[in-house]
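Novice: Sequence order for the protein chains is A and B. Take 1 as the starting number for the first sequence in our numbering and just add one per residue. Take 1001 as the starting number for the second sequence in our numbering and just add one per residue.
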Amino acid sequence: MKVFRFFRSVFLLALFMLSACSHEMPFVSQRHELAVSYNQRAQRAYQRGEYETASGLYEHALRLDSAIENVEGIALNTLNLAKVNRALGKSDVAQLYLDRLLHDRALTYPVEQMSAAAAQYGLLRLQAGDIAAANTWAEQAVAYCGSQCNQGGVIANLRANIAVQANDAERAWYWSARALSANKAEGGIEYANALRLAAQSRLLKLEAGEAVPLLEEALGIDKKQGLPEKIRMDLLLLAQAQEALGRADLAAPLRERAVRITASLTK
Amino acid sequence: MKLPDFNLGIQQTERKTRRFMWAAFAVLVLVSGVIAFRQDYFVRNTSVYFFAPNAQGLNKGMAVKFIGFKVGSVQEISMESNASVKVKLSLDSEYVRLIGQDAKARLMKEALVGESVVEIIPGERQVRQVAQNSVLEFERGQDAGSLAESLAAQVQPILSDVRQITASINNPRGDIQQILKNLNQVSSGLRETVTQLNGLAQSGSQKLDGVYVKVDRALDKANSSLETLDKSLPGLVEKADTTLNHVQSVALDLKQMAQVSSSQVPALLRNTNALVEDGQETLKGVQKAWPFNGWLPKAEESALPLDGYVMPPELKR
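1. For S115/A, which residues in the same chain have their Cβ closer than 7 Å to its Cβ, ignoring the five residues on either side in sequence?
2. Pick helix, strand or coil for G89/A, following the three-state DSSP scheme.
3. Are the C-beta of G1279/B and some C-beta of chain A separated by less than 9 Å?
4. Does DSSP put M1062/B in a helix, a strand or coil?
5. Could you please tell me which residues of the region 1253 to 1276 of chain B, in chain order, have their CB closer than 7 Å to any CB of chain A?
6. I'd like to know whether the C-beta of Q95/A is nearer than 9 Å to at least one C-beta of chain B.
7. Helix, strand or coil for A1131/B? Go by DSSP, reduced to three states.
8. Give the interface partners of Q73/A over in chain B, defined as CB-CB distance under 7 Å, in chain order.
9. Taking 9 Å as the CB-CB limit, is D168/A close to chain B?
10. Any heavy atom of the ligand COA within a distance shorter than 8 Å of the CB on A1036/B?
11. Compare the C-alpha of R255/A against each of L235/A, A82/A, S264/A, E69/A and name the closest.
12. For the alpha helix (DSSP H) containing T1046/B, list its first residue and its last residue.
13. Report the neighbours of Q120/A on chain B: residues whose CB is nearer than 7 Å to its CB, in chain order.
14. From V1247/B to K1239/B, what distance separates their C-alpha atoms?
15. Between the Cα of L76/A and those of R31/A, L227/A, P110/A, N135/A, spot the shortest distance and give me the residue it belongs to.
16. Let me confirm a value: K230/A is counted as buried when at least 16 other C-beta atoms fall within 10 Å, else exposed. Which label applies?
17. Look at the alpha carbon of E1119/B and the alpha carbon of V1064/B, and state the distance between them as a whole number of angstroms.
18. Counting Cβ pairs, one atom from each stretch, are 3 or more of them under 8 Å apart for the region 190 to 207 of chain A and the region 162 to 178 of chain A?
19. Taking DSSP's pairing of strands, which residues face E210/A in a bridge?
20. Using a C-beta to C-beta distance shorter than 8 Å, which residues of chain A count as neighbours of V1247/B?
21. From A45/A to Q165/A, what distance separates their C-alpha atoms?
22. Report yes or no: is there a C-beta of chain B within less than 9 Å of the C-beta of Q140/A?
23. So which residues of chain A does L995/B contact, with C-beta pairs closer than 9 Å?
24. Can you name, in chain order, every residue of its own chain whose Cβ lies under 7 Å from the Cβ of R100/A, other than the five neighbours on each side?
25. Among all the DSSP beta bridges, which residues are the ones paired with M1108/B?
26. E243/A lies in the alpha helix (DSSP H); which residues open and close that run?
27. Excluding sequence positions up to five away, which residues of its chain have a Cβ less than 6 Å from the Cβ of L238/A?
28. Is any beta-carbon of chain A found at less than 9 Å from that of D1315/B?
29. Considering only DSSP beta bridges, list what L1136/B is partnered with.
30. For the region 1041 to 1060 of chain B against the region 1091 to 1102 of chain B, are there 3 or more C-beta pairs whose distance is under 8 Å?
31. For V1310/B and chain A, any beta-carbon pair shorter than 9 Å?
32. Write down the C-beta distance between D65/A and G73/A rounded to the nearest angstrom, noting that I regard them as a contact closer than 8 Å.
33. Would DSSP call K1088/B helix, strand or coil?
34. For M233/A, return the contacting residues in chain B, with the cut-off set at a CB-CB distance below 9 Å.
35. Identify, in the order they occur along the chain, each residue of the same chain with its Cβ nearer than 6 Å to the Cβ of A133/A, setting aside the five sequence neighbours on each side.
36. Pull the bridge partners of K1070/B from the DSSP assignment, please.
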């Protein structure tokens, strides 16, 4: 009996090994491999806050992908370059990259990336104060996205953003609530953004008390993610909420904390 | 004397006379040959002509030269009915091919006071060579007399200028005399200034004496300070020496270390490079191999997360 068990185990193990060996890795060219390597290094640089380095590495990756006409790689790296340039404060350069992607007549890019590009374009227009254009690009992003798309959370945040900047409290609350539900599962930056936007909509609706817990949750996430600008924003909005609630003594230290972050960023 | 002996004497005299006559004839022929050779009778000649306004400086037998070489001679000089002079040149046919129809015959001296020659000046254009009885253009070159005349013509205006300048210098109302007068006045003024300066220097030297005393005191103090420094310097120098020795020995050690390692460093770097490459290859292999490929993040390009938040303008830094 023991012998039978032993042979059975050996047989199962051999079968398992065979199945593992039969698993074949897809062939990837040297150039593609190098482009992947540049892309991953750039991502790490971006996460460390080394935006200039990230930009250079993404450019390398984009050149390699263009050389082998890797359409998905071209779209991804162009989008990433737009994001890096936005982070660097070069909105015009970011817009140029997005233009290249959105108005390309020669290549057809995946809808997911086209939707992301349109959403990013909308964010850039909103940043420039052009609410109408931002709205148009948000619609465009939805059109690219369709029903099956991962950009739903970002687009909802964009729409909530647009409503906040337009001082439309109802719409802001509507879209931020949708953004909260769309991004809750992910629980990262976009969820924190949704929380902050929901708080802003509450502030617009003069419900400062409702805004405080939302902002405290957003602050926790942003601290965990290590995003100084977002932390500063949360603190300032919290101070604003406390002031609205007539608690100036609580607002002052929050403002002081925000100032210290600004000072550390500008050093 | 017997008749046969007499006849024999006459025969000997005749033979001697004949020999002398033959020798004389041979000498005559030889001399004639030499003369003929000297007169270029054995050279094939080409005769050319030129016409000169007068025969001054032209002589029969005169050398004719072409670019410094004798190529012929003046063979004949004769007066024409129109009172011009016709000169016949005999040119060595060998050189005629070098002389074009547009060549000129120029009468010139070989040096300032040398022998006169007829120089053939080659033409500027490439034309047909001169032929028998061709006529060349003639011109006279500059001799010493004409050179002196041209020199005199050039010097004359200079001499007249010099005469004018001398007159201007001598003129008491002229510019130069006025300048000299002014200079005289200036020099007398200068003399007075020098006298004043002397006085100033004397008073200055008196004041300087006081300054010297003060400087002397300061120097004394400086001397005493230097003496103190002198005393303490040897110790300092000794310490500095020791420190430098230490530094030197450390530098020597470092140099030795560098020398020892210099040969090993490139090899080490190469090996490290190879090791890193091997490591990368191995890592790549491991990443692709089961079961690690399931554990590691996929080797594919990814998008950065999109930040869907725009800071309100009133909260911007």
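Glycine residues also receive a C-beta, built at the ideal position from the N, C-alpha and C atoms.
Specialist: Short version:
1. These residues qualify, in order along the chain: A141, Y144, C145, C149, Q151.
2. G89/A falls in the coil class under three-state DSSP.
3. No, no contact with chain A.
4. M1062/B falls in the coil class under three-state DSSP.
5. Per Cβ criterion, the list is empty.
6. At a cut-off of 9 Å between beta-carbon atoms, Q95/A makes no contact with chain B.
7. For A1131/B, the three-state secondary structure derived from DSSP is coil.
8. Reading off the sequence, residue 73/A comes out as Gly, not Gln. For G73/A, the C-beta contacts it makes with chain B under 7 Å involve E1301, in order along the chain.
9. No, D168/A lies away from the interface with chain B (no Cβ there is under 9 Å from its Cβ).
10. With respect to the ligand COA, the structure offers nothing, as it holds no ligand at all.
11. Looking at the Cα atoms, L235/A is the closest of the given residues.
12. Careful: T1046/B lies outside any alpha helix (DSSP H), inside the beta strand (DSSP E) at 1045 to 1052.
13. Under the 7 Å cutoff, chain B gives L1306.
14. Rounded to the nearest whole angstrom, the CA to CA distance from V1247/B to K1239/B is 12 Å.
15. It is P110/A whose Cα lies nearest to the Cα of L76/A.
16. Around the beta carbon of K230/A, 16 or more other beta carbons sit within 10 angstroms, so the residue counts as buried.
17. Straight across, the Cα-Cα distance linking E1119/B with V1064/B is about 6 Å.
18. Touching, per the Cβ criterion.
19. In the DSSP output, where bridge partners are listed per residue, E210/A has none listed.
20. Those within 8 Å of V1247/B in chain A number zero; the least Cβ separation is about 39 Å.
21. So the two alpha carbons sit approximately 32 Å from each other.
22. Closer than 9 Å: no.
23. Outside the shown range of chain B (1001 to 1317) lies residue 995/B, about which nothing can therefore be said.
24. Excluding residues within five positions, the ones whose Cβ falls inside 7 Å are T78.
25. Answer by DSSP bridge pairing, in chain order: V1117/B.
26. 228 to 244 is the span of the alpha helix (DSSP H), which, as asked, contains E243/A.
27. Cβ within range, chain order: L215, L254.
28. According to the sequence displayed, residue 1315/B carries Leu and not Asp. It does; some Cβ of chain A falls within 9 Å.
29. DSSP lists F1050/B as partners of L1136/B.
30. Yes, the region 1041 to 1060 of chain B is in contact with the region 1091 to 1102 of chain B.
31. Yes, V1310/B counts as interfacial toward chain A.
32. About 3 Å; that satisfies the 8 Å criterion.
33. It is a strand residue.
34. Within chain B, Y1309, M1311, P1312, L1315 have C-beta atoms less than 9 Å from the C-beta of M233/A, given in sequence order.
35. Contacts found: R125.
36. According to DSSP, which records beta bridges pairwise, K1070/B is partnered with K1065/B.
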